[in-house]
Structure formats: structure tokens, C-alpha cells
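Heads up, the thing below is written out as C-alpha cells.
Protein chains in written order, with our numbering: chain A, 1 to 260; chain B, 1 to 239.
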């Protein structure tokens, strides 16, 4: 595996070493090692079933919820092994939040959706909650659109607004890492553009990891790209280099549509 | 294999580039031949061919932009289209230089030549071969052949420098304005050929980029060799 030729890079957010994940004995991720960097966007690309979503879900132990999954190797979040005994998984998922393909707002008001996490983590003061909600919705570029209807149902929002609400929910609990599994695949181009602008804005403060089937989207939003195939990490590098001059023939064939 | 019609369009784009390139090769040969044989009709033909070269450049540019817009090409495809887009400019300029030589044929007309033309046809052979090899390198994705084109340019420059000295010296000795003017025109023709060599070098450098992804323009020849080496080492022919 070639290493990224970037200007001096900060300490990685995630250090993944020899990660192998199997579903009932069938490997979905095979011996993958890579570093993921803060304050940048890393895109994961590859054909369906290549393991990229499995990889993403390993980073906040969402795979634990699936029966029969075995995880080998090491994943360090800022140097700490997230699979070590005694790790508080709830706290891990607070630090490493996830946005899904289909927005999944809770069937409650916009305000309560955003306040949900802080409340669970013990914030009860009304003014403090209001401040968190406003700050999170503003950071998710949704405040201006919903500030006059905070107590209306979140389910009445458009798909793109719902997706930004889900991002606001993560920001409300001070997530450090945002995992996004095809966050715009169910959205129209305008809503997609808003999500991409938001990703661009948020990457100044967060580590963003995004799975996408849309090559152009990966090109637009990410700093680095990792290409997976059949559970293996084939190529990982600066997006501009991977999309202009990939090193591996399989990457080339995939992104130019000559695959198979 | 997907995107079949896109890859057919891409193939056609490259065929059209080669067609444009062959017109340019003919233009270079005919322009110098018209000068050597003082064939005014042939010079007129070169001027007409230049219009066709210009038209092809526009068509190819439009096609490149269409493919960028509709197909959002990546990797090899991106480099191919980017290379075609840059290369058509060089080919069009070569066509212009050939047309400039044809204009010189017309200006010299039927007045006796001040010297038998030897160096100019030799330069023309060299630069025409550079264009040919550059296009072959494009077709065969051949970095080594592209490097050869770049080396050939040194020979062209050497002949130009020698011819330059000779013609300047002749100009000083001439008693008649007519002969001095002709020496100057011949010097201009050599200069146009020297420029064609430069454009052919650009073409070869684009081929290196297309094959390897390394930009070698405005870099010493060693960079081009190194890019070729890199491609050879990784066994990456990217045909």
C-alpha cells in the first residue's frame, strides 16, 4: 500500500491496523490498515459489497449490533483501542456519530430531535438546551429554514432538511468524527449541493468519513479517497491523484467504468 | 465493461485527432515542397488545407467539452481528453506555421532562389517525423518514443542555428534588395519549421502525461526519461 504524499499531516484520528471483519466466518474486510486524518474528508468508494460500509460501521462499533460478526485487528481512536475491554460504547458513538443513507429523524419536534442527545447526556437546563439547539442547527446550515417552526414535527421537513437535522443532532453532542453512509444518495441535486457545502464547512472542525457511490461527489467533497474491492483496500491517496492518475489498474477500471 | 457508448466516443475522438495530425503532416511536407519547387499552386493548396485544420480544431474542442460536461471522465479517460484538448492547439499552430511557409512560397514567387534549398527540406523532414512519431506515441501509449521526439528537437534547433548564421551572413553580402529580402524570407521559413519542432515536442510531452500522469512540460529531458522509467517499472502500460 502506498502512503499518502501530503504536506505534513497531523496525527491521525483513527489508526486502523490489520482489520479483518467477518460475517459468520465470511470475511467482509480483509487485513486493512490505514490512517484517517482530522479536519479533512475521506471518501470510501468501491462496488456494492466491497466492504466499505462494514469498514465505516466498525469505526463506532455499529457492527457489534449485528449477530455473528467477528472483528480482528486494531482500531485506535486518538491512540485508544476502541475494541478494548471496558470501552464505553455509548460514549464512543457520541464521539463518532453516524448519518445514514435515509434520514432518520425521530418522530418528535425539530427542537426535541436536536435536544435528544444532550438530554440523554444529562443537560436539562432549558436555556442551555436552546443554545445548543440553535448552535447545532446553525452549524448544520438549517437554522434559518426552521427557526420559526422549531416545535413542529421533524417529519414534515424535506429529505434534505431531515438529513441536515440528523447532522445537527451529531453536532449537538459534540461528535468529533462524522461517519456518513451515502448521505446524499436519496436527495435531489439542490439538497445534495447543500449537504456537500455543509461537509465542506464542517471539515474545518471534524473528521469526516463518507461512503459514496457517486464518483463526482467523492471528487467534489473529499481530500483523500480509499478504494475497496472484495474487502481489500486497493488504493488510498489524495483524491486529486486517485481520480487523475490512480496507481492501481483496478482503481482505474472502477472509476472509469471499465470494471468487470 | 460499462459506459460503452462513452468509450466509443472516446475512441472516435482519438481517431479524429489522428486525422487532424495527418493533415498537419501533409501541410508541413507540401509547404516546404512548394517552396523548394516554387510551386505556387501547391502553396495555395496548403493555405486551403489550413482552413480544414482550423475547422477540425474547433470540432475537436467542442467534442472534448461535450465529453467533459456529459461524462465527467476520470483517470485515464480524463487524461486522454485533457491531452486531446491541449494537443489540438499545438496541431493547429503547426498548421499555421505550415501556412506561413506557403505564404513565403507565394512571396518568393518565380524569382531565382539565392541558394539551393537543402537545410530547410532537411528540417522539414525532421519536424514532420517528430509529428509522426508523436502521434504514433499517442496511439501506442509509448513513452520511450515520446522521449525520442523530444531529443529530435535538439537536431532541429542545431540546423536552425547554423542556417540562421549562414543566411544572416549572406544578407550582409547581397548587393540587391531582392536577394536580401529572399534570404530574410528563407530565414523566416526556417524559423517556422523550428517552431513546428517545438509544438511537436509539446505533443510528445502531453503523451507522457497521458500515459504516466506525470507533467513533464517545462522540465529537463531527464524528467521525461524518469517518467518513462516509472511507467516501465510498474509495468503500467495503460493502453
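Cβ atoms here follow ideal geometry from the backbone N, Cα and C, with glycine treated the same way.
Give the DSSP-derived three-state secondary structure of residue 229(A) in the structure shown.
strand
So what does DSSP say about residue 241(A), is it helix, strand or coil?
Secondary structure at residue 241(A): helix, using DSSP grouped into helix, strand and coil.
Going along chain B, which residues have a C-beta under 9 Å from residue 243(A)?
74, 75 and 78
Could you name the residues of the same chain whose beta carbon sits closer than 7 Å to that of residue 9(A), not counting the 5 residues immediately before and after it, in chain order?
Scanning its chain for C-beta atoms nearer than 7 Å, with the 5 sequence neighbours on each side dropped, one finds around residue 9(A) the residues 37, in chain order.
Residue 213(B) touches chain A at which residues, Cβ-Cβ below 7 Å?
244 and 245
Which of helix, strand or coil does DSSP assign to residue 169(B)?
helix
Measure from the C-beta of residue 80(A) to each C-beta in chain B and report whether the shortest distance is under 8 Å.
No, its Cβ sits nowhere closer than 8 Å to a Cβ of chain B.
Anyone know if the C-beta pair for residue 142(A) and residue 97(A) falls short of 8 Å?
no
Between the stretch 13-26 of chain A and the stretch 68-87 of chain A, can you find at least three pairs of beta-carbon atoms closer than 8 Å?
yes
Quick check on this structure: which residue in 100(A), 61(A) and 227(A) has the alpha carbon closest to the alpha carbon of residue 85(A)?
Of the candidates 100(A), 61(A) and 227(A), 61(A) places its Cα closest to the Cα of residue 85(A).
Any C-beta of chain B within less than 7 Å: which residues of the stretch 224-258 of chain A qualify?
243, 244, 245, 246, 252, 255, 256, 257 and 258
Using a Cβ-Cβ cut-off of 8 Å, state whether residue 216(A) counts as contacting chain B.
Taking Cβ atoms only, chain B reaches closer than 8 Å to residue 216(A), which makes this a yes.
For the stretch 56-69 of chain B, which residues have a beta carbon sitting closer than 9 Å to at least one beta carbon of chain D?
Here the protein chains are A and B, and chain D is not one of them.
Is residue 2(B) close to chain A? Criterion is C-beta to C-beta, closer than 8 Å.
yes
According to DSSP, simplified to helix, strand and coil, what is residue 205(A)?
coil
What are the residues that DSSP puts in a beta bridge with residue 71(A)?
In DSSP, residue 71(A) forms a bridge with 21(A).
Run through the stretch 32-81 of chain A for me and flag every whole beta strand (DSSP E) of 3 or more residues, listed as ranges in chain order.
40-45 and 69-77
Buried or exposed: residue 243(B), going by 16 or more other Cβ atoms within 10 Å of its Cβ?
Since the first and last residues shown for chain B are 1 and 239, residue 243(B) lies out of range.
Measure the beta-carbon distance from residue 40(B) to residue 106(B) and round it to whole angstroms, keeping in mind my assumption that it falls under 8 Å.
That pair is a contact at about 6 Å.
Measuring from the CB of residue 67(B), is there a heavy atom of the ligand MN at a distance below 7 Å?
Of the ligands one can find in the structure shown there are none, so the ligand MN has no counterpart to examine.
Taking only beta-carbon positions, decide if residue 1(A) is within less than 8 Å of chain B.
At residue 1(A), the pLDDT of 48 sits below 50, so the modelled position is not reliable; the number obtained from the coordinates is stated separately. Not one chain B Cβ lies under 8 Å of residue 1(A).
Does the Cβ of residue 163(B) have 16 or more other Cβ atoms within 10 Å, making it buried, or fewer, making it exposed?
buried
Since residue 181(A) is in the beta strand (DSSP E), which residue starts that stretch and which ends it?
177-181
Thinking just about the alpha-carbon of each residue, which of 51(B), 146(B), 90(B) and 61(B) is nearest to the one in residue 208(B)?
Relative to the Cα of residue 208(B), the nearest Cα in the group 51(B), 146(B), 90(B) and 61(B) belongs to 146(B).
Quick check on the burial criterion: 16 or more other C-beta atoms within 10 angstroms. Buried or exposed for residue 76(B)?
buried
Beta-carbon separation of residue 59(A) and residue 14(A) under 8 Å?
The answer is yes: Cβ separation under 8 Å.
Please check if any C-beta of chain A sits within less than 8 Å of the C-beta of residue 14(B).
no
Identify the continuous beta strand (DSSP E) that holds residue 215(B) and give its terminal residues.
Boundaries cannot be given for residue 215(B), as no beta strand (DSSP E) includes it and DSSP labels it neither H nor E.
Identify every run of the alpha helix (DSSP H) within the stretch 79-159 of chain B, keeping only runs that are complete inside it and at least 4 residues long; order them along the chain.
Taken in chain order, the complete alpha helix (DSSP H) segments of 4 residues or longer contained in the stretch 79-159 of chain B are 119-140.
Pairs of beta-carbons, one from the stretch 114-123 of chain A and one from the stretch 152-169 of chain A, closer than 8 Å: are there three or more?
yes
Using a 10 Å radius around the Cβ and a threshold of 16 neighbouring Cβ atoms, would you call residue 233(B) buried or exposed?
At residue 233(B) the pLDDT is 42, less than 50, meaning the model places this residue with poor confidence; the figure from the coordinates comes in the next sentence. Counting Cβ neighbours within 10 Å, residue 233(B) comes out exposed, since fewer than 16 surround it.
May I ask you to verify whether the stretch 115-131 of chain B touches the stretch 176-193 of chain B, counting CB pairs closer than 8 Å and requiring at least 3?
yes
Quick one: what's got a C-beta closer than 8 Å to residue 26(B)'s C-beta in the same chain, skipping five residues either side?
So the qualifying residues of the chain are 49.
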